[in-house]
Amino acid sequence: MSLKLSSVDRELEAKAKEVAKLQAERQKKKLQRDELERIVRLKQAEADMLQLKVSATKWRPRDREVAKDGENGQL
């Protein structure tokens with residue numbers, strides 16, 4: 103009977119080590135996912151800023167024309 107207990111104890115220890123390894127892997131993957139999400143948010147913010155710059159650039163020539171027309175009394 104003690105032979106069976108030793109076998110069960112060894113199996114239990116092996117499973118406990120496996121669980122600890124899986125938990126560590128899970129934590130590592132969670133940290134990687136969080137980092138990727140931060141990068142995605144940063145890149146999205148950069149894209150939004152660039153889009154605002156593009157939009158502002160598109161409107162500037164038109165704004166200048168309107169201002170010039172206003173100076174000439176052509177609003």
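In this text, residue positions in the sequence shown follow our numbering: the first is 103, and each later residue adds one. By construction, the Cβ of each residue, glycine as well, lies at the ideal position given by its N, Cα and C atoms. In this text the structure is predicted, and so the values were computed from the model without any measurement.
Could you check the C-alpha separation between residue i and residue j for me, to the nearest Å?
i, j, result
"GLU120", "ARG143", "34 angstroms"
"ALA147", "ALA122", "38 angstroms"
"LEU154", "LYS160", "10 angstroms"
"LEU124", "ILE141", "26 angstroms"
"SER108", "GLU139", "46 angstroms"
"GLN129", "ASP150", "31 angstroms"
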